[in-house]
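Numbering (the working numbering), first residue to last: 2 to 37.
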């Protein structure tokens with residue numbers, strides 16, 4: 002695939018991972034125990 006498309010897909014993957022992490026941190030302790 003074109004380099005530009007590859008970079009975009011990687012950026013989207015990183016954003017999705019970050020969004021999941023943020024959602025997990027904002028979730029209630031009962032549903033997502035803190036690991037830090």
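All C-beta atoms in this analysis are idealised placements derived from N, C-alpha and C, irrespective of residue type, glycine included. Model, not experiment: these values are computed from the prediction.
Review point. How is the alpha helix (DSSP H) around residue 28 delimited, first residue to last?
Key: Along the chain shown, one-based indexing puts residue 28 at 27. Careful: residue 28 lies outside any alpha helix (DSSP H) and carries neither H nor E.
Exercise for review: Just the C-alpha distance for residue 6 and residue 26, rounded to the nearest angstrom, thanks.
Suggested key: Locating residue 6 in the chain shown gives position 5, counting from the first residue. Locating residue 26 in the chain shown gives position 25, counting from the first residue. Roughly 30 Å between the two C-alpha positions.
Exercise for review: Output the distance between the C-alpha atoms of residue 19 and residue 3, rounded to the nearest integer angstrom.
Suggested key: To locate residue 19, count along the chain shown from 1; it is residue 18. To locate residue 3, count along the chain shown from 1; it is residue 2. Each residue's Cα considered, the two are about 24 Å apart.
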